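In UniProt numbering, the protein residues as written are 1 to 1192.
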């Protein structure tokens, strides 16, 4: 059913639809909210009807149209986000039965999907648009006819912060004041939407909770009789404020509406309150409130009520009205309640207002800097008065640039000296605080100046030069679209048929079972890791006394708790040891120190934070490759690669080019966190794990417990995303939970807390490369000498450095190579394989070299790429139709001063390797009806391996796909399934090949029966075979004894066009054309989904996903959804066109196919290079483009 990931309101997994009575109108109102599931206290659901995805459709009663369309459009890959996507759309249709496509796209700003790249999800949902195929309003609610339960007016005691705490739900302002006055000496939490808990999880504890959600007086928006003030009550929802500003007020207030839409996301805005947002700023000075900046810009005043112990609401003298900045920032709210806002209604003819927000991605993110500017503008003289220049993100609270406001008063805006003087004064006023988790102070200061410049040009209007006006025009993103082009072969169906993933509808309805959905047994315990908060030190002491005294806590385990026969190491030999629980030396902040066992996951997570750890011998943590080089902190070097004579070739070359390029890390960000459940059995232990690597996990658990391997049974139904993060890294929670289950003789499970997952589990390996290249005058490569440094964190177990040698040339020929590979040791989590490990770094390095060569020789990157492409066996083909229009449009935009466009064309040659894989399969045919059951060694992580297995088996056996079902992968039915790098490349191909071998073996056994009896159909054939004693079960294992030989190459080319806001650095990907060589696709629908999903994940790596650490402790500062930002639905290319190369059967692949899950990610570097070329265009215009500069 409803899923959970972040518990912060930042992912959308837990979105459900709520229907409740509006306290003002007493009429039912419906909205999608994600706070109900992960942030709302249970008592706040009093009187609320909650609908989940199972409530609108399921396999027994029939699927809802939203569930069906999402599945049919291939919008559900791993499926973990699908219930939230479905309910978000359902909520929209309940409130707006005929939305536009734009409204639908806007509505998905709070739902994250790591698999699909969003295009198929948006396509599915836009089929409900009023100009597409809208759903009849009766069909929207056909499964949900339950009326809202009657509200009880609940006053009770509930468990909050692990302690019984009073909860009150007053229904009048009078009662609120009475309750507040009676508890004036206690710490009170006023609960509205409670969304602030997603950001500040450590607030509290509180003595009393007062829900203010049902007080009508705090829910109204109205224009006062004088018509010059708009009155907004404290508890008004964000989205209601949006509507009020647009419906009741003309321009310029519509400007404010668009900024309101950029605050958080739709499900959060549906429950978050205006007053609550402002109080976050009061309680947390560095909370960057967009509303605070907006309201302060337009001169809003707060209405504050003082309360005493009285039986009536405060009289007029007890009401205080004061400016927003003076009330929110410095004063104390003891004995006072913020009850509303008074917002002056500006006169459209004279009041000029602009608000801005610059953030890490297009939506659902905190700002780097937000700003609001307002003035009374005389349009005839172009002078202004009563200036208000307000900034957030430069220090605590929002600030006024008071000196600049004074300076501008009455000055002619058309004079250049006015602008210069204002910028000079403003520059002296803006002094951003350093913030390790945000952007640099220099960048934020530049933003502050740039945003003011945009406002200034907006005031000038058509008096500004045509070339400069683009700075004043807000960027409007067009509705996204995509096309998919591929061929198929009906004569081979179901093979090559574009089929929907078989489990997609079950995933959309919430009926697909993930590991944490397995029902709990009586007495089952829940586990949570206790993490180190300091790296590069030693443990002085651990005190779990407070934690163990908390409600529900059973015990604390540490290294000393491991049984005598057990081993404190979750990596089986011959890997380097990695401790399950730190035994003394803390390698990184985030390392597991121990394990809390409790009666619920919430209790365990809370108690884990209460364990006190004291550290000693603290040294400065090494957190980067450059720091590791300086400290000479290395693992043993990998054997270098030498081809030809690179040194001699470079020495003899006409041109020698040297440089350095770096690429950062990336979180896997799988929507399902690490999860494991272990059950002690009479003959060993059963492990239910969301792992990509059963064989290794089985060995790790056996090693940790001191068991023989045959006593460990592992099964996996599916993973809610993985991308390599659930290969070796899934062993750590599995071994810890297994130890707990063994010690306590009870089932134990862990659904790893999202923040723990981010801090504790390794990421993509960062690289730093120093290179020297020799070329001739044409740019032809003569020799390449490079030294690669890779940051593997505290362990080198999951090294991908050796594989980079197979990808370092990408699509280019060079006769002379020398590559030194040096793995670095840092005080970070052990980095691991992440989608396209080794290859994405190698391809980016080579493409950066192409860019550098082109710049140094005064050539275009495309020309240099062309002269170096392999001349034999090249299958790149031509770019999809449409590239010429991009080039033409690109050239016409360069005349614009403040908006630039860039274009990049990146080719790809990707080496497909089996990676020493061993994958088994078992195919069984049942004699009663001829149906088939298959289990195989691959893991369904969203790539559709099970669907392809069914297609291959149905094609080979000659039966309908409906006859076949896939069972969970287990260590018993397909033992010893392993690969050095479990991924989306070798696993699907080799597991499918094992199934193919099984089916061929069955066909060989059935052939004599066919010849003997000439049966009329499959069922008769199977019945006769069974009667004649034919074994109707076949087992096979794929094995390739070689580690790295290249089976074949896949090819691709990607052309991307980007647009850059020169003043702020914001960018948009306007269009991407991808041509990918997939061989003869087994399922083009699934393969296109893999291409798009991989590409968008790569786009996130290059343009928005950043990891930052505290330099003193080594703690990751970007471990939440509010700091770490993977792409959202409005970060994808506006126009995304994917073509699978046609007539491209691969004789070296499985049934003519080629790999698809990882290679397209390597071409996403075209997004970065397109932005880089736009930057080059801007630099060239001001004469600063003579030097090459890298981006990474």
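Virtual Cβ for every residue (Gly too), placed ideally from N, Cα, C.
Predicted model, so just to flag it, every value in this text is computed and none were measured.
| Asked | Found |
| --- | --- |
| Closest residue to residue 794 among 283, 539, 578 and 517 (Cα-Cα distance) | 578 |
| Where the alpha helix (DSSP H) containing residue 275 begins and where it ends | 274-283 |
| Residue 813, buried or exposed, once every other Cβ within 10 Å from all chains shown has been counted against 16 | exposed |
| Secondary structure of residue 401, DSSP reduced to three states | coil |
| Segment contact flag, the stretch 686-696 with the stretch 715-727, C-beta cutoff 8 Å, min 3 pairs | yes |
| Closer than 7 Å: residue 1051 CB and nearest the ligand NAP heavy atom | Of ligands this structure carries none, so the ligand NAP is not represented either. |
| Contacting residues, own chain, Cβ-Cβ under 6 Å from residue 862 (five flanking each side not counted) | 905 |
| CB contact flag (residue 650, residue 643, <8 Å) | no |
| Length-filtered (4 minimum) alpha helix (DSSP H) runs lying within the stretch 478-527 | 504-508 |
| Reference residue 907; option with closest CA among 442, 807 and 832 | 807 |
| Minimum C-alpha distance to residue 645 - residue among 818, 1136, 781 and 639 | 818 |
| When 97, 1191 and 827 are compared against residue 1111, the one with the closest alpha-carbon | 827 |
| Residue 2 at chain E interface by Cβ criterion, 8 Å | Absent from the structure is chain E; it holds one protein chain and no more. |
| Start and end residues, beta strand (DSSP E) containing residue 695 | Not the beta strand (DSSP E): residue 695 falls in the alpha helix (DSSP H), residues 694-705. |
| Counted within 10 angstroms of its Cβ, other Cβ atoms place residue 42 as buried (16 or more) or exposed | exposed |
| Residue 994 vs residue 937 beta-carbon contact at 8 Å | yes |
| Beta carbon of residue 193 nearer than 8 Å to that of residue 273 | yes |
| Best match in 952, 969 and 1166 for proximity to residue 999 [C-alpha to C-alpha] | 952 |
| Distance between residue 653 and residue 776 (C-alpha atoms, nearest Å) | 6 Å |
| Nearest candidate by alpha-carbon position, reference residue 180, set 83, 102, 599 and 209 | 209 |
| Residues bridged to residue 9 (per DSSP) | According to DSSP, which records beta bridges pairwise, residue 9 is partnered with nothing at all. |
| Residue environment, residue 1178, which counts as buried when at least 16 other CB atoms sit within 10 Å | buried |
| CA-to-CA distance, residue 511 to residue 1193, given in whole angstroms | The chain is shown from 1 up to 1192; residue 1193 falls before or after that span and cannot be answered. |
| Cβ-based neighbour list, residue 425, same chain, cut-off 6 Å, excluding 5 preceding and 5 following | 403, 404 and 407 |
| Status (buried if at least 16 other CB within 10 Å, exposed otherwise) for residue 391 | buried |
| Status (buried if at least 16 other CB within 10 Å, exposed otherwise) for residue 637 | exposed |
| Three-state class that DSSP yields for residue 1152 in the structure shown | helix |
| Residue 553 versus 564, 627 and 523, residue with shortest Cα-Cα distance | 523 |
| Which residues DSSP lists as bridging residue 372, in chain order | 355 and 390 |
| Contained beta strand (DSSP E) runs [length at least 3] in the stretch 573-631, N- to C-terminal order | 592-598 and 612-616 |
| Straight-line Cα distance separating residue 588 from residue 1175 | 37 Å |
| The stretch 730-738 touching the stretch 500-517, judged by at least three CB pairs closer than 8 Å | no |
| Short Cβ contact (8 Å threshold) for residue 1097 with residue 835 | yes |
| Cβ-Cβ distance between residue 680 and residue 742 below 8 Å | yes |
| Nearest neighbour of residue 897, chosen from 614, 1181 and 196 [CA to CA] | 1181 |
| Candidates 377, 336 and 398, of which the one nearest residue 409 by Cα | 377 |
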